[in-house]
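Chemist:
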Amino acid sequence: MNISYAPLPVERRQTPPATVDTFGEIRTDHMFVADYRGGAWHDPRIVPYSPFSLAPGAACLHYGQTLFEGAKAFKHTDGEVYIWRFDENMKRLNHSASILMMPEVPEDLQLEGLMRLIDLERDWCPGKPESSLYIRPFMFATQDMLGVKPSKTYIFCIMLSPSGPYYAGGFNEAITLLITEKYHRAVSGGTGTSKAAGNYAASLRPAKHAVDAGADQVLYLDASNTYLEEVGTMNHFHVLDDGTFVIPRFDDSVLRSITSVSVLELAGQGRFKARQEKIPLKDFIADIKSGRIIEAGGFGTAAVVSPVNRYLLEDGSSLTVGDGKIGRHSRALYELYSGMQTGLVPAPEGWLRKVPRFKAD
Ligand SMILES: Cc1ncc(COP(=O)(O)O)c(C=O)c1O
Numbered sequence: 000m001n002i003s004y005a006p007l008p009v010e011r012r013q014t015p016p017a018t019v020d021t022f023g024e025i026r027t028d029h030m031f032v033a034d035y036r037g038g039a040w041h042d043p044r045i046v047p048y049s050p051f052s053l054a055p056g057a058a059c060l061h062y063g064q065t066l067f068e069g070a071k072a073f074k075h076t077d078g079e080v081y082i083w084r085f086d087e088n089m090k091r092l093n094h095s096a097s098i099l100m101m102p103e104v105p106e107d108l109q110l111e112g113l114m115r116l117i118d119l120e121r122d123w124c125p126g127k128p129e130s131s132l133y134i135r136p137f138m139f140a141t142q143d144m145l146g147v148k149p150s151k152t153y154i155f156c157i158m159l160s161p162s163g164p165y166y167a168g169g170f171n172e173a174i175t176l177l178i179t180e181k182y183h184r185a186v187s188g189g190t191g192t193s194k195a196a197g198n199y200a201a202s203l204r205p206a207k208h209a210v211d212a213g214a215d216q217v218l219y220l221d222a223s224n225t226y227l228e229e230v231g232t233m234n235h236f237h238v239l240d241d242g243t244f245v246i247p248r249f250d251d252s253v254l255r256s257i258t259s260v261s262v263l264e265l266a267g268q269g270r271f272k273a274r275q276e277k278i279p280l281k282d283f284i285a286d287i288k289s290g291r292i293i294e295a296g297g298f299g300t301a302a303v304v305s306p307v308n309r310y311l312l313e314d315g316s317s318l319t320v321g322d323g324k325i326g327r328h329s330r331a332l333y334e335l336y337s338g339m340q341t342g343l344v345p346a347p348e349g350w351l352r353k354v355p356r357f358k359a360d
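Okay, so the sequence shown: first residue is 0 according to numbering that gives the first Met the number 0, each after it adds one.
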């Protein structure tokens, strides 16, 4: 594939910061872009990070045909940059595309675009603990049309954001979740397994409801308010008193978290115990009260492992998990997972890919 660079030579417009402690606020100098028209992808290119030109009638602005992904790259002690499980993100992007009636983005286009972009921006990848180069691939519909039908044209783009932890306190600060019966993220047969941008627009009101109630985020239930599903920005887990991690089953209203899948794969290699099951809310509450559940939290690319020490219920009552402190099982898993990402602990074959040093074309 022939990816063009503009401008040449590379224009460094900003100085990459030495440390980053915010999430998602900084942009690097360049982005990768490709256009879809006439049933094919055209003109893959790396250009300065700059606004798009979009018709006011562009379908993404009216009917929400927009999706995104989230992945990370890490600088290891050898000075090289490695991307983490991006193959899984590429597959999930195309799964989301199929749900939103958008075209598939070939994996070689996604991967080569990303590798060349990161190669160019490698100075922006922070090497400090709890920081990374956050990768944001996204696609949106550009056809100027009114009428609800799939667009015929799209833009695929990858932008990069050097970032610190998603929650300001990182792993060391446990958060509170509101278990909401008032709002639902997704229903069976809906768009819940995709990273449709609209899912996140719909999550803003529940998130505000949680903050108003004194929590950091919501834990969603299924539409019948019977089973646990997931958190607004991550999958959910709890740890039983025998050390087993339990993750709600991936029904068709739950995002298939790459972090959760990785945890289950690591457990399959015998490193610790983890399983998925349908988790009735009433059992979850009873098990926290009885002390059978000793730790809880969320899994996600941005959040990594985020401990949860308190749940609020819609009736105003609250539950504290275990002794309210961050538990040793969550800590051990966080250290193992982030150790693999940053190269301090060996990761399974294929989970890290080194960004090549391309020669200028
Ligand atoms: C709703 C939701 N669930 C779960 C996750 C975690 O998924 P992953 O581990 O692939 O980042 C995310 C973040 O991407 C999310 O937005």
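Glycine residues also receive a C-beta, built at the ideal position from the N, C-alpha and C atoms. Since the model is a prediction, treat every value here as computed from it, not as a measurement.
Could you tell me which of G63, R115 and G126 sits nearest to A17, measuring between CA atoms?
Modeler: Translated into positions along the sequence shown, residue 17 becomes position 18. When only C-alpha atoms are compared, the closest one is G126.
Chemist: With three or more beta-carbon pairs closer than 8 angstroms as the criterion, would you say the region 32–44 touches the region 149–159?
Modeler: Enough Cβ pairs lie closer than 8 angstroms, so yes.
Chemist: Going by beta-carbon coordinates alone, are L99 and L66 separated by less than 8 angstroms?
Modeler: On the sequence shown, residue 99 is found 100 positions in, with the first residue counted as 1. On the sequence shown, residue 66 is found 67 positions in, with the first residue counted as 1. Yes. Within cutoff.
Chemist: Does the beta carbon of F236 fall short of 7 angstroms from some heavy atom of ligand 1?
Modeler: Taking the first residue of the sequence shown as position 1, residue 236 is located at position 237. Checking every heavy atom of ligand 1 against the Cβ of F236, none is found closer than 7 angstroms.
Chemist: Just to check my reading of the structure: P247 and L227 have Cβ atoms closer than 8 angstroms, yes? What is that Cβ distance to the nearest angstrom?
Modeler: Stepping through the sequence shown from its first residue, residue 247 is reached at position 248. Stepping through the sequence shown from its first residue, residue 227 is reached at position 228. The pair is a contact, with the Cβ atoms about 5 angstroms apart (cut-off 8 angstroms).
Chemist: Would you please state the rounded distance, in angstroms, between the beta carbons of D251 and G188? I believe it to be under 8 angstroms.
Modeler: Position 252 of the sequence shown, counted from the start, is the residue given in the question as residue 251. Position 189 of the sequence shown, counted from the start, is the residue given in the question as residue 188. With 8 angstroms as the limit, D251 and G188 qualify as a contact, their Cβ atoms being about 7 angstroms apart.
Chemist: Below 6 angstroms CB to CB, which residues in the same chain sit around P6 once its five sequence neighbours on both sides are set aside?
Modeler: Counted from its first residue, the sequence shown places residue 6 at position 7. In this prediction, P6 scores a pLDDT of 48, lower than 50, which makes its location untrustworthy; the coordinate-derived value is nonetheless stated afterwards. Answer for P6: no residue qualifies.
Chemist: Taking buried to mean at least 16 other C-beta atoms within 10 Å of its own C-beta, is N93 buried or exposed?
Modeler: Here residue 93 refers to the residue found at position 94 when the sequence shown is read from its first residue. When all chains shown are included, N93 counts as buried.
Chemist: Going by DSSP, what residue range makes up the beta strand (DSSP E) through F236?
Modeler: Here residue 236 is taken as the residue at index 237 of the sequence shown, counted from 1. N234 to L239 is the span of the beta strand (DSSP E), which, as asked, contains F236.
Chemist: Taking the DSSP output, what are the residues bridged to Y81?
Modeler: Here residue 81 is taken as the residue at index 82 of the sequence shown, counted from 1. Y81 is bridged to F73 and K353.
Chemist: Following the continuous alpha helix (DSSP H) through Y199, name the residue where it begins and the one where it ends.
Modeler: Here the question's residue 199 lines up with position 200 in the sequence shown. Y199 -> alpha helix (DSSP H) spans A196 to A200.
Chemist: Going by DSSP, what residue range makes up the beta strand (DSSP E) through F137?
Modeler: Taking the first residue of the sequence shown as position 1, residue 137 is located at position 138. Taken as a continuous stretch (DSSP letters only), the beta strand (DSSP E) holding F137 covers S131 to A140.
Chemist: Select from E229, P279, P347 and F51 the residue whose C-alpha is nearest the C-alpha of M158.
Modeler: Position 159 of the sequence shown, counted from the start, is the residue given in the question as residue 158. Checking every option, the nearest Cα to that of M158 belongs to F51.
Chemist: Judging by CA-CA distance, which residue of S256, E24 and R115 is the nearest neighbour of I2?
Modeler: The residue given as residue 2 occupies position 3 in the sequence shown. For I2, the nearest C-alpha among the options comes from R115.
Chemist: Determine the direct distance from the alpha carbon of G321 to that of I117, and round the result to whole angstroms.
Modeler: Taking the first residue of the sequence shown as 1, we reach residue 117 at position 118. Taking the first residue of the sequence shown as 1, we reach residue 321 at position 322. Each residue's Cα considered, the two are about 42 angstroms apart.
Chemist: Given a cut-off of 8 angstroms on the beta-carbon distance, is the pair F137 and C124 in contact?
Modeler: Position 138 of the sequence shown, counting from 1, holds the residue named residue 137. Position 125 of the sequence shown, counting from 1, holds the residue named residue 124. No.
Chemist: Are the Cβ atoms of T225 and L280 separated by less than 8 angstroms?
Modeler: Taking the sequence shown and counting its residues from 1, the one referred to as residue 225 is at position 226. Taking the sequence shown and counting its residues from 1, the one referred to as residue 280 is at position 281. Cβ distance < 8 angstroms, so T225 and L280 count as in contact.
Chemist: Please report the straight-line C-alpha distance between G56 and Y62, rounded to a whole angstrom.
Modeler: Within the sequence shown, the letter at position 57 stands for residue 56. Within the sequence shown, the letter at position 63 stands for residue 62. Their backbone Cα atoms lie some 10 angstroms apart in a straight line.
Chemist: Tell me the residue span of the alpha helix (DSSP H) that contains C59.
Modeler: Against the sequence shown, residue 59 aligns to sequence position 60. Counting along the chain, the alpha helix (DSSP H) containing C59 begins and ends at A58 to Y62.
Chemist: With a cut-off of 8 angstroms on the beta carbons, I'd call G296 and F249 a contact; round off their distance for me.
Modeler: Locating residue 296 in the sequence shown gives position 297, counting from the first residue. Locating residue 249 in the sequence shown gives position 250, counting from the first residue. Going by Cβ atoms, the distance from G296 to F249 rounds to 18 angstroms, so no, they are not a contact pair.
Chemist: Can you tell me the Cα-Cα spacing of V230 and A185, whole angstroms?
Modeler: Looking up residue 230 in the sequence shown gives position 231. Looking up residue 185 in the sequence shown gives position 186. Looking at the two C-alpha atoms, the distance is approximately 12 angstroms.
Chemist: Exposed or buried, which one is N171 when buried takes at least 16 other CB atoms within 10 Å?
Modeler: On the sequence shown, position 172 is the one that residue 171 refers to. Classification for N171: exposed.
Chemist: Rounded to whole angstroms, what's the CA-CA distance from G78 to S259? Just pull it up for me.
Modeler: For the purposes of this step, residue 78 is taken as the residue at position 79 of the sequence shown. For the purposes of this step, residue 259 is taken as the residue at position 260 of the sequence shown. Going by the C-alpha atoms only, they are around 28 angstroms apart.
Chemist: For M138, decide whether its Cβ has a neighbour in chain B, counting only Cβ atoms nearer than 8 angstroms.
Modeler: The structure shown has no chain B; it contains just one protein chain.
Chemist: Which complete alpha helix (DSSP H) runs does the region 228–284 hold, if anything under 4 residues is left out?
Modeler: Complete alpha helix (DSSP H) runs here, min 4: 257–267.
Chemist: What's the gap between the Cα of A72 and the Cα of V104?
Modeler: For the purposes of this step, residue 72 is taken as residue 73 along the sequence shown, with counting starting at 1. For the purposes of this step, residue 104 is taken as residue 105 along the sequence shown, with counting starting at 1. Approximately 20 angstroms between the Cα atoms of the pair.
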